[in-house]
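To keep things clear, I will list the structure first and then write my remarks on it.
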Amino acid sequence: MMQRIGRRGSRRSAIIAAIALAALAVGSSASAQPCLIFVHGKQTDTNTFTNWTAARNYWKNGSRDFVQTATKNFATSYYVVGYNGTNAYWDSGAAGEVANEIVNATNGGPDGGGNRCARTFAQGGSFWVIGHSMAGPIMDFILGNNDPSDPNFNFNGPYDVVAQRLSLVITLGGAHRGSQGADAVCGNNNIFCNFIAFFIQSCDTATYWLRSADDVQVRTYANAPARNIYLTGGYEAIFGASVCLSGEDDGIVQHASQYACNGNATTGYDNSNVCNNSNKQESSGFISLDSAHENHSDERDDSDRDTRRQIPGGIWMCGGAPCAPNTQVQSAMSTAQFVAILY
Amino acid sequence: MVARPPVADPRTGGRRAAGASRSLMPRDRRPAAVAGLVVLLFVLFGLWRVSRPMPGTEPAAPPAGTPRPGHAAVGGDDAAAARLASAVTPTPAAPITPAATSPRSGADSAGVTGGPQAVALGRQAAEDYRRRSHYPPWSRPFNEEGEDPILRDRMVSPVTGAGPDGADPTLVVFPQLTSFEVPDPVLLYAYLSVNDTRVPAAAMAGTLLTGDLQPLAELHYRDDGSGGDQVAGDFLYTARYEPGPDFAPELSESFLVRVTAETTAGEPRTAATSFLYSNPHARLTGNYRDSIVDGNLVVDAEVEVFQAGRFHLEATLYDQAGQRGIGEGQTAGQLSPGRQWMRLAFFGRLITESGIDGPYLLRFVALSTTTAMPNAMNRLEENAHVTGAYRAAQFSSAPFEDPDLLDAADRLERDLAGP
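Residue numbers (the working numbering), protein chains in the order written: chain U, 1 to 343; chain R, 344 to 762.
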């Protein structure tokens, strides 16, 4: 009897140990990935701020879903931010709300849909922000004002905590240097341009602060970002709209802005000559990834699995060396799929 | 009853039912076998769990990249889409490799054996953070091109407006400066361009509007060498706006300028630019003093504060001739009214790395009032101060070791290492 109890006890110990080991193995395999935090772009109403489902739907197009693809079918934990996309990028409803939500995500708090990051910052988690369009200048403003010596330190939110906790940011068609689409709308020149009304309908506050004039540019009010901002964008023109933009563009944002170039925000660049990593809007922290044959809408909804091309300073390697600019590096990959192979 | 999965027989390379080996097992090794099975079951359960949506998330859909019936990938053939689908279908339990493997590209792609691959972002970022951790956020080197960051931030970008289908001539509009300071006049420029060459306009006029688009004044652009226009007949049209004493904003305000041109063919062109009109709450007095503190070059700049608030001061440091840039320094803080000193520090390592001996030149100095947005920018001070004749060797070469950047690098590297 004692022998049977002893054997049962040792068996139970072995089982418990096995369960613990297995749980540990599974847990760590899932937790070695960053939590992805999604930040949408400009809006023509406040829906994404007042209704989380609208913020979530920003990333969908029919059955295609950027979040699902970028998180590898939801295997990676994620959090979807909703903010007031009609505010200026630096406003409390924009940068302030985004900063607070990022901190909530890193604390393990839920987004409006109940999604949480798998590990908190205190548990050793890492966090990547994936931002589209206006999320570019919002993140530039937050991460460029995270230190007490910065001009707008913690202007309307815990920017210092955000910077401490993020690992990096990836922007998709980011309006880092503004948008010539916004220029046209605020200049009454949009009769020739036919912009996608979903993004820019009128010269509202957000549009005013997304122009390419320098007095509204984020670089005027922020320093180099405390964490790297990686830049991918689109070069699929939109009929009508793209004639109002210089060089390659995604129908809303010109290359000079998507790739955070220094100098003139309206310089016409293409995939061969867009600014490299030594010629960005700040001295450090902006790094080019690549360019996709997607328009501004495609970039955020996984709807167009198309060609991707290398750009100067881009991320693609050919035979151990950086691919030459404008080399086609993929024939059918969306930006959502691209994000999924980066971690 | 859970069916046991088949297991591989390493001796034969074939498969057989797990139960088939049971009778061959010595009785005293059964606990270990049970434990092994439990481990296997939990691993399989774990893999299954990881591949499902997290609680509270959405139901699983077809794997990423899977082409849908009747929906060809735009710009690419279905076969390519299918190849991609298999390559990017998630494998959650697989370790993260140093270079994120990407699928092979199409036949017209790089043409390099193995196909283009995307560099692992985490590794790249971690390396960059370790390099950047050598400098504090309050004093950093210029970029690799040696571009002065203060000048870069004050550069003016022209805004353009073309005709239908991008037709020339294109209207180009821009202000003289990003920000004008009270009570300075505002100078605004506009021209029509064909292939980057200025051409004459039949008419050029503008409207000045507030940031909320309320009209303030009509602007008259001229090209006759008067009223702020420097050269008559060069097709660069100038409008000069004298704001007057009542125009001063509380701190700073952005103003929009809508310009309408008429080409010599009678076609209209429109474009808009904007500028900041600043009423700063402090000024630099022109008094500076310098010293070495904790291995860094410290420059105190005296400011006169008119109204309490937050102020930001930045400056760039050069060799005495103003030819070789060394780095930038910045500081910010809340100040009360009156004269006081703001302390800029240039990190010692920047100077030792440059190998440049002093005296050093404070090439550009920019003061801003940052109490609110938009910030009020003072006029740029140039060649503001020359320091004592310090030697580069007098400064510290120790790296800053920014703890937040190093922690960020550690986390990225832990992710790359995997479980």
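Backbone N, C-alpha and C fix where the C-beta goes; we use that ideal spot for every residue, glycine too.
For Gln557/R, none of the residues of chain U pass the 9 Å Cβ criterion, the least Cβ distance being about 12 Å.
If the five residues before and after Asp91/U are omitted, its C-beta is found closer than 8 Å to the C-beta atoms of Asn84, Asn156, Thr205, all from its own chain and listed in chain order. Not one beta carbon of chain R lies nearer than 8 Å to the beta carbon of Met134/U. Spanning the alpha carbons of Tyr532/R and Tyr580/R requires a straight line of approximately 6 Å. One Cα belongs to Ser133/U, the other to Ser257/U, and the distance between them is close to 10 Å. In this structure, DSSP gives Val161/U a helical state, which the three-state scheme calls helix. Between the alpha carbons of Ala461/R and Ala548/R lies a gap of roughly 51 Å. Judged by DSSP secondary structure, Cys318/U falls within the beta strand (DSSP E) whose first and last residues are 316-318. Taken in chain order, the members of the region 488-514 of chain R whose beta-carbon sits within less than 9 Å of a beta-carbon on chain U are Glu488, Glu490, Pro492, Arg495, Asp496, Arg497, Met498, Val499, Ser500, Pro501, Val502, Thr503, Gly504, Ala505, Gly506, Pro507, Asp508, Gly509, Ala510, Leu514. In this structure, Leu210/U and Ala182/U form a Cβ contact; the two beta carbons are roughly 4 Å apart against a cut-off of 8 Å. Only buried fits Glu282/U, as 16 or more other CB atoms lie within 10 angstroms of its CB.
A distance of 8 Å or more separates the beta carbons of Trp128/U and Leu172/U. In this structure the region 134-141 of chain U lies against the region 211-225 of chain U, because at least three pairs of beta carbons, one per stretch, are closer than 8 Å. When the alpha-carbon of Thr714/R is set against those of Phe153/U, Phe239/U, Ser331/U, Ser212/U, the nearest one is in Phe153/U.
The beta carbon of Asp539/R does not come within 8 Å of any beta carbon belonging to chain U, so the residue lies off that interface. Counting along the chain, the unbroken alpha helix (DSSP H) around Cys186/U starts and ends at 180-186. The three-state secondary structure of Asp290/U, taken from DSSP, is strand.
Residues of the region 458-475 of chain R with a Cβ closer than 7 Å to any Cβ of chain U, in chain order: Pro459, Gln460, Ala461, Val462, Leu464, Gly465, Ala468, Asp471, Arg475.
Positions of the beta strand (DSSP E) runs, each at least 3 residues long and wholly inside the region 60-87 of chain U, are given as 78-81 in order along the chain.
Segment contact: the region 669-676 of chain R against the region 620-628 of chain R, fewer than three CB-CB distances shorter than 8 Å; contact not assigned.
What Gln254/U touches in chain R, judged by beta-carbon distance under 8 Å, is nothing: the nearest beta carbon there is about 10 Å away. Not flagged as an interface residue toward chain R: Val161/U, since no C-beta distance is shorter than 8 Å.
Non-local C-beta neighbours of Thr730/R in its own chain, meaning closer than 6 Å and more than five positions away in sequence, comprise Asp633, Gly701, Pro702, Tyr703, ordered along the chain. The region 472-481 of chain R makes contact with the region 745-757 of chain R: 3 or more CB pairs, one atom from each, lie closer than 8 Å. At least one CB of chain R lies nearer than 8 Å to the CB of Trp90/U.
Burial is judged here by how many other beta carbons sit within 10 angstroms of a residue's own beta carbon; Asn630/R has fewer than 16 and is exposed. DSSP places Pro518/R within a strand segment (E or B) once states are collapsed to three. Not one beta carbon of chain U lies nearer than 8 Å to the beta carbon of Arg692/R. The three-state reading of DSSP puts Phe590/R in helix, counting H, G and I together. Cβ proximity to chain R below 9 Å picks out Leu168, Ile170, Arg177, Gly178, Gln180, Asp183, Ala184 from the region 168-184 of chain U. Gln467/R: member of the alpha helix (DSSP H) spanning 464-475, first to last residue.
Taking a contact as a CB-CB distance under 8 Å, the pair Cys193/U and Val243/U counts as one, their CB atoms being some 7 Å apart. Looking from the CA of Phe738/R, the closest CA among Gly691/R, Gly504/R, Thr540/R, Asp511/R belongs to Gly691/R. In the DSSP assignment, Ala533/R falls within the beta strand (DSSP E) that extends over 529-537. In the DSSP assignment, the residues bridged to Gln673/R are Glu657/R. At a cut-off of 8 Å between C-beta atoms, Asp758/R counts as an interface residue with respect to chain U.
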